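From first to last, the protein sequence lines are chains A and B.
Just so we're aligned, residue 0 is where the first sequence starts under numbering that gives the first Met the number 0, counting upward by one.
Just so we're aligned, residue 0 is where the second sequence starts under numbering that gives the first Met the number 0, counting upward by one.
Yeah, the Cβ is synthetic: ideal placement off N, Cα and C, and Gly gets one too.
Since we're looking at a predicted model, the values are computed, not measured.
Right, one structure below, let's go through it.
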Amino acid sequence: MSFGGLLALGAGALFAISSSFWLDLVFWICFWAALAQAWNIVGGYVGQLSLGHTAFFGLGAYTSTLATLRWDLTPWLGGLMGALIVAAVGFAVALVCLRLRGPFFALATLALAELLLIVAVQWRALTEGSEGLTLPFRPGLANLMFETKAGFGLYALGLLALVTAVTLLVEHTRVGLLLQAIKNDEDAARSVGVRVLRWKVTAAAVSAALTALGGTLYAQYLQVIEPSSVFNWEVSVQLALIAIIGGRGNWLGAIVGSVFLTPLAIGLRAWLGGSYAGLHLVVYGPILIVSVLFIPEGIVPWASEWMRSRRARRHAAAVGAGA
Amino acid sequence: MVLLQVVVSGLLLGGIYALVSVGLTLTFGVVRIANFAHGEFLMVGMFLAWVLHERAGIDPYLACVVVGPALFAMGFLVERSLIRPVIQASHMAQIFVTVGLAVFLQNGALMIWGADHRGVILPYADRVWFVGPIVLSLPRVVAFAVAMALCLALLAFLRWTYWGKAVRATAEDREITRVMGIDTGRVYSLTFATGAGLAGIAGALLLPMYAVYPTVGIQFVLVAFIVAVLGGLGSAVGAILAGLVIGVVEVLSGFLIAPGLQQALYFVVFLLVLIVRPAGLLGRRGAEELVVT
Chain A
0 MSFGGLLALG AGALFAISSS FWLDLVFWIC FWAALAQAWN IVGGYVGQLS LGHTAFFGLG
60 AYTSTLATLR WDLTPWLGGL MGALIVAAVG FAVALVCLRL RGPFFALATL ALAELLLIVA
120 VQWRALTEGS EGLTLPFRPG LANLMFETKA GFGLYALGLL ALVTAVTLLV EHTRVGLLLQ
180 AIKNDEDAAR SVGVRVLRWK VTAAAVSAAL TALGGTLYAQ YLQVIEPSSV FNWEVSVQLA
240 LIAIIGGRGN WLGAIVGSVF LTPLAIGLRA WLGGSYAGLH LVVYGPILIV SVLFIPEGIV
300 PWASEWMRSR RARRHAAAVG AGA
Chain B
0 MVLLQVVVSG LLLGGIYALV SVGLTLTFGV VRIANFAHGE FLMVGMFLAW VLHERAGIDP
60 YLACVVVGPA LFAMGFLVER SLIRPVIQAS HMAQIFVTVG LAVFLQNGAL MIWGADHRGV
120 ILPYADRVWF VGPIVLSLPR VVAFAVAMAL CLALLAFLRW TYWGKAVRAT AEDREITRVM
180 GIDTGRVYSL TFATGAGLAG IAGALLLPMY AVYPTVGIQF VLVAFIVAVL GGLGSAVGAI
240 LAGLVIGVVE VLSGFLIAPG LQQALYFVVF LLVLIVRPAG LLGRRGAEEL VVT
């Protein structure tokens, strides 16, 4: 399926659906697909695992929200500011960690997320602490807020389109080949002159910046952000989970992953969430383990492999029957 | 004088960090897996000790005797069922198997025990000793003493016993060790289970001082990883020393800078170590670059 076709399908769905429940679902599918796609750039294409993308997400949400509340800036600018700040942070963390092999990037991003959670709770003068920040509802394109859920759905779809466009750009240019070379064999890549560190760090910064834009989207949609909701370990896990289950290093993977997992998450939350928030994750853990053990490549590569082999078998059968 | 008190408090805290980290670092050095579920073993240990205290009135320090073997058994089962299949797999698969396990255990605990912070109140929790100008809290001293005793016992085990030597040999070179006729599979199980058992005991020791809740492990696993990296990933002695250092740093920074921000300092320490000496205090240079084949 092509990128354009998917976009048309998404946009068509947003115009055709009138039920607010389904619009909400489409919004979250696009939202999580966009964020997982952003994670995929560094986690999938370069193979550097981040367990703390919620740090970039929350930083983006707080930057644009504070820009609106304090300086009355449009979230277009606030979001851009967030993306730039977060790109710098992602760049710095990646520069320190990605020189090394081993689990350091995963650890550092995880630690960064915990650090920012503490800062957001403690620095009350800036963030209002654990009470969080509330955005006034002022619909309009300039404020990136919409009267209808379909409007927000288009916003999320737009973000997904942007992140996917970046991903496709990576996949179809020389950069994609460089990243793949680094992922497959760093030493070999370096020996033929690929500037390994530079590309890894760039990918991390781009991934972080796009994740920050997702944070802005989240803040605009819910109009409330709290430290514990935007600097949340579940967000980090969810992003990685969607990208891994869908298929890493493949532009369709995050989208397919989100189409499967987001409704599952929402359904489980509706079913189990009455008792405690986050309980649906008890099902996520085993899903993650089973998928890593049995389809480590993810759904998309696995399905396309299956289709290819079926086609080959059919072809062989046809040739056999002809002879 | 106040400073001396602060340093002593830090050392007492650091003893527990050492106990949590030593298992993690061994698992990394021997099984070559960064176990992100390590904090959840600690959490389960805390909850087990809490249940034993609530239901049977067993003192958390006594509960160590039950919690340790229980978590050892759990670690053994986890290693056999989940870790073994990915031992030759990519980094990615290994990390996410342990992350999946962590998520499962966190939310399993949420399901069983709920999200409330729970603690125990011991009759002697407020007892203190005055040693010269220093005040020592009884639970902290006991926890420190047990933790250090276990760390030293572990070091002795690694140094002098057959299986201890097998563990060290496997960390050194798993292929050669296997060629020498040592059952490395059993070494993996032993190491992983020991790490889980020690984390569980640390959890029981922490219970009189800290409340337990399903996500308490995240905080401790971060500290444990930072301690392990500071000590040199894979180095047991390094982890013990670094645990004490981090304990002192935490309490000192809480005293000198601001109480709420002491955990923020971990991140700074972590990045500094990665910039200045990624091999850690006692790690071999280059050991952090171990590539899983």
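So, is residue i buried or exposed, given that buried needs 16 or more other C-beta atoms within 10 angstroms?
| i | result |
| --- | --- |
| I181 of chain B | buried |
| G216 of chain B | buried |
| V130 of chain B | exposed |
| I224 of chain A | buried |
| I225 of chain B | buried |
| T160 of chain B | exposed |
| M147 of chain B | buried |
| F103 of chain A | buried |
| Q87 of chain B | exposed |
| S18 of chain A | exposed |
| G246 of chain B | buried |
| V170 of chain B | The question names Val, but residue 170 of chain B in the sequence shown is Ala. So A170 of chain B ends up on the buried side. |
| A203 of chain B | buried |
| R173 of chain B | buried |
| E113 of chain A | buried |
| I243 of chain A | buried |
| F27 of chain B | buried |
| T147 of chain A | exposed |
Between the Cα of residue i and the Cα atoms of the options, which residue gives the shortest distance?
| i | options | result |
| --- | --- | --- |
| G196 of chain B | B:F71, B:V6, B:G56, B:R54 | B:F71 |
| F40 of chain B | B:G242, B:L25, B:L10, B:P213 | B:P213 |
| T53 of chain A | A:A110, A:R313, A:L167 | A:A110 |
| L229 of chain B | B:R126, B:V248, B:P277, B:V250 | B:P277 |
| I32 of chain B | B:S89, B:Y16, B:I15 | B:S89 |
| Y16 of chain B | B:F266, B:E249, B:G253 | B:E249 |
| G74 of chain B | B:F27, B:D115, B:I133, B:G194 | B:G194 |
| W21 of chain A | A:A311, A:I244, A:E113, A:I265 | A:I265 |
| L323 of chain A | B:V50, B:L104, B:V29, B:P258 | This structure gives no information on residue 323 of chain A, because the portion of chain A shown stretches from 0 to 322. |
| G233 of chain B | B:R83, B:L151, B:A168 | B:A168 |
| S129 of chain A | A:R137, A:V120, A:A141 | A:V120 |
| V234 of chain A | B:V102, B:I239, B:S80 | B:V102 |
| L209 of chain A | A:Q222, A:M144, A:G157, A:G252 | A:G157 |
| L100 of chain B | A:R310, A:P285, A:S228, A:R194 | A:P285 |
| A257 of chain B | A:F90, A:E113, A:V118, A:R69 | A:V118 |
| L189 of chain B | B:R54, B:G14, B:L61, B:R83 | B:R83 |
| R268 of chain A | B:L270, B:G184, B:G118, B:N106 | B:N106 |
| G237 of chain B | B:V140, B:F266, B:L25, B:F269 | B:L25 |
| F35 of chain B | B:A92, B:G231, B:I274 | B:A92 |
| S206 of chain A | A:V85, A:Y283, A:S1 | A:V85 |
Any idea which residues DSSP pairs residue i with across the strands?
| i | result |
| --- | --- |
| W128 of chain B | B:L135 |
| V211 of chain B | B:R117 |
| L292 of chain A | Partner(s): none; L292 of chain A has no beta bridge. |
| T133 of chain A | A:V223 |
| G139 of chain A | A:M144 |
Measure from the C-beta of residue i to each C-beta in chain C and report whether the shortest distance is under 8 angstroms.
| i | result |
| --- | --- |
| Y283 of chain A | This model lacks chain C altogether; the protein chains it does include are A and B. |
Please list, in chain order, all residues of the same chain as residue i whose beta carbon is under 7 angstroms from its beta carbon, the five residues on each side excluded.
| i | result |
| --- | --- |
| F46 of chain B | A108, W112, V211 |
| R247 of chain A | N39, G42, G43, G297 |
| A198 of chain B | V19, G22, H37, F40, L41, G44, L70 |
| G124 of chain B | The residue you asked about is not Gly; residue 124 of chain B is Ala in the sequence shown. The residues are P138, P207. |
| L115 of chain A | A54, G57, L58, F230 |
| W250 of chain A | T163, T166, L167, E170 |
| I239 of chain B | A17, V21, C150 |
| V330 of chain A | This structure leaves residue 330 of chain A out entirely; chain A is present only between 0 and 322. |
| T133 of chain A | Q222, V223 |
Short of 8 angstroms in beta carbon distance, which residues of its chain neighbour residue i, apart from the five on each side in sequence? Order them along the chain.
| i | result |
| --- | --- |
| V45 of chain A | L178, I181, K182, W198, K199, A202, A203 |
| L24 of chain A | T261, P262, I265 |
| V65 of chain B | L47, L51, I57 |
| A187 of chain A | A180 |
Got a sec, what are the start and stop residues for the alpha helix (DSSP H) residue i sits in?
| i | result |
| --- | --- |
| I117 of chain A | 103 to 121 |
| M91 of chain B | 90 to 112 |
| L176 of chain A | 173 to 183 |
| G28 of chain B | 1 to 29 |
| G297 of chain A | From DSSP, G297 of chain A is part of no alpha helix (DSSP H); its letter is neither H nor E. |
| N39 of chain A | 19 to 39 |
| F266 of chain B | 263 to 275 |
| L204 of chain B | 183 to 205 |
| M73 of chain B | 59 to 77 |
| H52 of chain B | 37 to 55 |
| F2 of chain A | 2 to 15 |
| H279 of chain A | H279 of chain A -> no alpha helix (DSSP H), and no H or E assigned at all. |
May I ask you to check if the CB of residue i is nearer than 7 angstroms to at least one heavy atom of the ligand PLP?
| i | result |
| --- | --- |
| G13 of chain B | Annotation note on the ligand PLP: not contained in the displayed structure, which lists no ligands. |
Go through its chain and collect everything with a Cβ distance to residue i's Cβ below 6 angstroms, but skip five positions before and after it.
| i | result |
| --- | --- |
| I133 of chain B | Q4, V7 |
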